[in-house]
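One structure below.
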Amino acid sequence: MKKNLVPTMGLIAGMALIIWSILLSGNINNFVDIPSVIITVFGSFSALLISFPFKTLKNIPNVLKMLLSSPGNERTELVSLFAELSRKARKDGLLALEDELDKINNPFLVSGLQLVIDGVEPDSIRDILELKAETIERRHSTGQAVFLKWSELAPAFGMLGTLIGLIIMLAQLDDPSTIGIGMATALVTTFYGSLMANLVFIPIASNLKVQTDEELFTAQMIIEGVLEIQAGTNPRLLEEKLLLYLNPKDRNNSKKTNKGTENEKSNEAINNG
Amino acid sequence: MKKNLVPTMGLIAGMALIIWSILLSGNINNFVDIPSVIITVFGSFSALLISFPFKTLKNIPNVLKMLLSSPGNERTELVSLFAELSRKARKDGLLALEDELDKINNPFLVSGLQLVIDGVEPDSIRDILELKAETIERRHSTGQAVFLKWSELAPAFGMLGTLIGLIIMLAQLDDPSTIGIGMATALVTTFYGSLMANLVFIPIASNLKVQTDEELFTAQMIIEGVLEIQAGTNPRLLEEKLLLYLNPKDRNNSKKTNKGTENEKSNEAINNG
Amino acid sequence: MKKNLVPTMGLIAGMALIIWSILLSGNINNFVDIPSVIITVFGSFSALLISFPFKTLKNIPNVLKMLLSSPGNERTELVSLFAELSRKARKDGLLALEDELDKINNPFLVSGLQLVIDGVEPDSIRDILELKAETIERRHSTGQAVFLKWSELAPAFGMLGTLIGLIIMLAQLDDPSTIGIGMATALVTTFYGSLMANLVFIPIASNLKVQTDEELFTAQMIIEGVLEIQAGTNPRLLEEKLLLYLNPKDRNNSKKTNKGTENEKSNEAINNG
Amino acid sequence: MKKNLVPTMGLIAGMALIIWSILLSGNINNFVDIPSVIITVFGSFSALLISFPFKTLKNIPNVLKMLLSSPGNERTELVSLFAELSRKARKDGLLALEDELDKINNPFLVSGLQLVIDGVEPDSIRDILELKAETIERRHSTGQAVFLKWSELAPAFGMLGTLIGLIIMLAQLDDPSTIGIGMATALVTTFYGSLMANLVFIPIASNLKVQTDEELFTAQMIIEGVLEIQAGTNPRLLEEKLLLYLNPKDRNNSKKTNKGTENEKSNEAINNG
Amino acid sequence: MKKNLVPTMGLIAGMALIIWSILLSGNINNFVDIPSVIITVFGSFSALLISFPFKTLKNIPNVLKMLLSSPGNERTELVSLFAELSRKARKDGLLALEDELDKINNPFLVSGLQLVIDGVEPDSIRDILELKAETIERRHSTGQAVFLKWSELAPAFGMLGTLIGLIIMLAQLDDPSTIGIGMATALVTTFYGSLMANLVFIPIASNLKVQTDEELFTAQMIIEGVLEIQAGTNPRLLEEKLLLYLNPKDRNNSKKTNKGTENEKSNEAINNG
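Residue numbers (the UniProt record's numbering), protein chains in the order written: chain G, 1 to 273; chain F, 1 to 273; chain L, 1 to 273; chain E, 1 to 273; chain Y, 1 to 273.
As structure tokens, this is what we get:
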């Protein structure tokens, strides 16, 4: 699978900008404070241990792997794949699809086609695939929820660290010359809490939400496509229908590579706009 | 297409007011701080690179072009266009609509009419057009989501910049005479973050939301109109029905230009209030 | 139409309290600062120019007029009006309602009755009236959205003004004796932003929301009433049904003025509680 | 009706804690500041006069009375009441229920039973009772909305009072010895705004929301029960069904007092868990 | 029932981190302040007494017990349990399930099976079980609401305590040497309010939400399973269907332990992806 390096680059660029901004006018040593990192990251993680089942938290590394995988033009590729499958099914019968299953690497589509091959009723296929899509959504939305909660808890623990620093500093106000360095240290935890929330946790939660939406829209497209194959719809018409799930730009690209269609006009009618 | 200059004027007016307000009592040099702009804009953009697919972010310039296009009185014009199309369809048959397609520049309407000409079933037409409207909404709402997220991240990175400035200043508190200028510089990033969020990103997100709502309401009107043409509804009655999609003011203007109607009373009955 | 002076009185009372509170311990001159008002009001309005179509913003004065109009006991009056119309319709036929239309000043009801007189099908009447109610709601909710957005932007621009003042003051920290007056001036924009949001924009948005809800509930009642008249329901029963749309207090008042009813018990059965 | 003293006790306990906390380390005179109370309470009330119809605000005392009334175990009592009514209806006919109406003090149930006695169709009964429940919810949710809005406006006016105090103090910074007392006075309005919101308005809004939810769930139970009586359902079965509306604990208590049932097993089947 | 120690460990770890962070640079005595704890915890609890029925608050200890119970792999175990029950029902008839009831410790499942044994209609079984699931959700969501409200009120009362401390300190500003210790004490209540909200109340509310979602999904699975048993579905097919309620990982584990199935392919078709 193609790697998606953009999120990693965003993270590196953001960190570089912050460090550059520090070096511009100050000393980075004021920002290197391991206890601040510990209280912000592990303190908020302790709260996560109460908030979510341990099983969900153990899954965080897998969720992060998702960030690195490129979604690609999956729906664009599915359009021609479905057209091909539909042609084969009309020519050689639904059972002939069995030979194609090995070549398909979308497991949701594979299980949909297997149900068709097994001769399951259309309504049952829809029920089973929708329940599957719901399970996928449940799993994904739990991942989102973890990072969203983390993005709230990290700045809160950063604030707690700053409060601790402030209280200690204020209680020892004998030597006014230490006020500055005391407050500086106190503010570093707020800095870490805010940095982690805004450069890491909030963007990750947002990324997962977009990917979930995309995946569910693709699942909806696959359910439609599988049922149309079972119903024996004309391959050309099926392709037209599925093109509607693409955004207009990909739709045009996809059509340029499919010259010489039969009913060109209907094609345009469906896909314009 | 007519340009809509109001948003640009709003942006210029807002900037002018801010600059005037600065010049009134201070020196604008205190606000010219390139690193502050860089950390606020590019820092938050780095986080956006993690939050959204790169494809979505590349589309930002196109989204901004939408801001400049004037929505105009599209629905008002559609009312008489539909009445005309309906008359032609009843006189010369549905196939005669084909000659009109070139003159229509609303691609959503064109594709709807093409489906009618191709003799597709009403239920299928509704399904296809609603799926299209959903795709349009998905694309638009992603644009909104980007600017909404940006409007949250920009002040957050502004705050981070201020925190960095404060920590550096507090750690070097040897020379109290520099406190003022240090805090002033630190606050400039907060100023930029807040200015960008409130004068640029929040308004753009709001503008896109209003445009999407309008476009979807227009799509709903077109679906209704196309299906009524296919059903061969009386042109007069079709016009009355579609007038309901206008707000009362435009409705009255539209009626003034359509004197000498057949069933004047029913007209008033439907469109009063 | 009866004027509703309560909102105006609320605004005056709020302003008077704020001024009294200032005079109690300080000099009002510290709060008279025209540039602060300009940056808060016009700065946030500039952002509104980007956020909403100009047509919507031009409509603000009309929206404000709505605040001054008294909603009155519209639904209470509609109950007896419907009973009367129903009696007339049963005695003289539906066409006889035509003579009554001029006496009714609720345009939504007039258009509903006209549809009945024109002999439109019940289902079409419901569709048309519901689409009308939706258009009313769309128009109203845009008005709300403008004031809600303004109530967010005004304090934000107030804060921006304060930031500008603070940065200027901090950058010129040569003369410590001016710190106080500098900060006082800086805070005045925050004061204006917060005052406008909390005494003007938030309450107006809330008021519009309540009025929209009321109007839609009245529309629902009118749709029900119009269809019952068309169906030729017993006037007594129709009145009982419509009384359900009143709140219990108005319901009792309304019944006291309708002594000597036929089926007293059913009346109580429907309207108790 | 039994009084519910818990909310009053909560209010007294909260106030006592706050006063105790003040007396512990300071002088309560610093907190007695009538103008602060006036600006916070009446300032925010002025904004409420703009936000809501005057009729709604006049109703506040009645809403507060609701807080003091004990909801009791209404649903638990309804279970046996329904069983009894059902037995009577099956033995002596639906008309015999008329004699029971005087003994029932739930007006919603009374009106439901009266509709049954009057021989209204089941579907109409459901429509009428659901519309009634909707009216009740509308009235209640307006009460909630008032206190929710008040809980936002009170701290905002507290903040405004503090801003006024700060600006006045900063503008008269001639005598630094008065800074402390000036800021103390300024902060008192923030204190009152926050105290009122968190100890009074937010809890009242929350209380009303819980009561509305309970009342609507009871209404749903009564609608079910009334329709089952009309349908002549077996009293034992009706009781079983209605027990489902109780939470498990009350369910068990209720069953302990109903020894010697006929089909014990089915009873357990329905109500376990 | 297996204990779930993770939440307790999270709480201990979080507390340990906070204490370690304090000891690192200061004296823990500055943080030991019983009145601060009292005002934060009991002040916010006083407000809860107004916000919720006393019955709900009395239930808090039971809700906390839920946190300690391990949800385990309930759905995984239910799959094989349902397969077994289904086999028995097909071999010996539905009445034979009665012997199994004692061995099942999920009361929701027991009551569902009892309804099947009693020969209740499928539609009634679905209604009864869904009403039960709704009651469970109502009870759970009240628990969540309490902790969510508490997580808002605790920091608010912490802030009130800090305001009280600040006002007292500022009013007695005679001796500047006490400013530090006065502010330190004032901030301790903010510290406690924030600590309780972020380490205790917010995580507990989140935990309860996750558990409720899981329980409702399990209830949905049980309703499906019970109705399939009543319909006499093939045990193999029933197992396949219920496997869809598991997440893919558990699904695979579950399948590994069920070697030698009849229609291996359909199995894969349904559960891939």
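Positions of the beta carbon are idealized from the N, C-alpha and C atoms, including for glycine.
Tell me which residue opens and which closes the alpha helix (DSSP H) that S177 (chain G) is part of.
Careful: S177 (chain G) lies outside any alpha helix (DSSP H) and carries neither H nor E.
Where does G260 (chain L) sit, in a helix, a strand or coil, going by DSSP?
Residue placement at G260 (chain L) cannot be trusted, given a pLDDT of 42 that sits under 50; what the coordinates show is reported in the next sentence. Coil at G260 (chain L), not helix or strand.
Nonlocal neighbours in the same chain, by C-beta distance under 6 Å from L148 (chain F), ignoring five residues either side | A205
*Evaluate V32 (chain F) with the Cβ neighbour count: other Cβ atoms within 10 Å of its Cβ, from every protein chain shown; 16 or more gives buried, anything less gives exposed.*
exposed
- [ ] Could you list the residues in the stretch 137-149 of chain L with a C-beta less than 9 Å from some C-beta on chain F, going in chain order?
- [x] R138, R139, T142, A145, K149
To be precise: take each residue of the stretch 45-69 of chain L, compare its Cβ to all Cβ atoms of chain F, and keep it if any distance is under 7 Å. Which residues remain? S46, A47, L49, I50, S51, F52, P53, F54
key: Close-in-space but distant-in-sequence residues of the same chain around I28 (chain Y) (CB under 8 Å, 5 per side omitted)   = I19, I22
Would you say G43 (chain L) faces chain F, with C-beta separation under 7 Å as the test?
yes
So, is G119 (chain Y) buried or exposed, given that buried needs 16 or more other C-beta atoms within 10 angstroms?
exposed
TODO: List the residues of chain L that K209 (chain E) touches, going by C-beta distances under 8 Å, in chain order.
DONE: In chain order: nothing, as chain L lies at least about 17 Å away.
request  = Find the residues of chain E that neighbour A156 (chain Y), judging by a C-beta separation of less than 7 Å, and give them in chain order.
outcome  = S194, N198
Query - Interface flag, F124 (chain Y) vs chain G, CB-CB below 7 Å - result: At residue 124 (chain Y) the sequence reads Ser, which differs from the Phe that was named. Closer than 7 Å: no.
| field | Exposure of I12 (chain L), with buried meaning 16 or more beta-carbon neighbours within 10 Å | value | exposed
Determine whether the Cβ of A171 (chain G) lies closer than 7 Å to any Cβ atom of chain Y.
yes
Identify every residue that forms a DSSP beta bridge with I69 (chain L). The question names Ile, but residue 69 (chain L) is Ser in the sequence shown. BP columns for S69 (chain L) point to L:K3.
Taking Cβ-Cβ distances shorter than 9 Å, what residues in chain L pair up with I38 (chain E)? L17, W20, S21
My assumption, with CB atoms under 8 Å, is that residue 355 (chain F) sits in contact with S86 (chain F). Please give the rounded CB distance. For chain F, the structure presents residues 1 to 273; residue 355 (chain F) sits outside this window and is missing.
Handout entry: Spatial distance of L170 (chain G) from V41 (chain E) (CA atoms)
Key = 35 Å
If I measure Cβ to Cβ from L216 (chain Y) and keep anything under 7 Å in the same chain, skipping five residues before and after, which residues do I get?
A133, E137
Is there a Cβ from chain F that is less than 7 Å from the Cβ of G26 (chain G)? yes
Quick one: is S177 (chain G) buried, meaning 16 or more other Cβ sit within 10 Å of its Cβ, or exposed?
exposed
- Message: Suppose you measure from the CA of I222 (chain E) to the CA of K88 (chain Y); what does that come to, to the nearest Å?
- Response: 40 Å
* With 16 as the cutoff for other CB atoms within 10 Å, does G10 (chain E) come out buried or exposed? -> buried
Looking only at its chain, what residues have a beta carbon closer than 8 Å to the beta carbon of D250 (chain Y), apart from the 5 residues adjacent to it on each side? N73, R75, T76
Exercise. Would L153 (chain Y) count as contacting chain E if we go by Cβ distances under 7 Å?
Worked result: yes
message = Just to confirm the assignment: which complete beta strand (DSSP E) runs, minimum length 3, are found wholly within the stretch 176-219 of chain E?
response = none
Inset, instruction - Answer with yes or no whether the minimum CB distance from G273 (chain Y) to chain G is below 7 Å. - result: In this prediction, G273 (chain Y) has a pLDDT of 43, which is less than 50 and means its spatial position is unreliable; what the coordinates show is noted afterwards. Closer than 7 Å to some Cβ of chain G, the Cβ of G273 (chain Y) qualifies, so yes.
Between I181 (chain F) and chain G, is there a C-beta pair that is closer than 7 Å? no
- Query: By the 10 Å Cβ neighbour count, where 16 or more other Cβ atoms means buried, how is I34 (chain Y) classified, buried or exposed?
  - Reply: exposed
**Study point:** 7 Å Cβ cutoff, L203 (chain G) in contact with chain Y
**Key:** In the sequence under discussion, the amino acid at residue 203 (chain G) is Pro, which differs from the Leu named in the question. No, P203 (chain G) lies away from the interface with chain Y (no Cβ there is under 7 Å from its Cβ).
- [ ] State the Cα-Cα distance for the pair P7 (chain E) and L195 (chain E), rounded to the nearest angstrom.
- [x] 16 Å
Please classify G273 (chain G): does DSSP put it in a helix, a strand, or coil? Bear in mind that a pLDDT of 43 at G273 (chain G), under 50, signals an unreliable position, so the number given afterwards is only what the model happens to contain. Residue state, collapsed to three classes: coil.
Quick check on F191 (chain L) - is its C-beta less than 7 Å from some C-beta in chain E? yes
Between the CA atoms of E239 (chain F) and T261 (chain F) - distance to the nearest angstrom: The predicted position of T261 (chain F) is uncertain, since its pLDDT is 43 and thus under 50; no value can be drawn from it.
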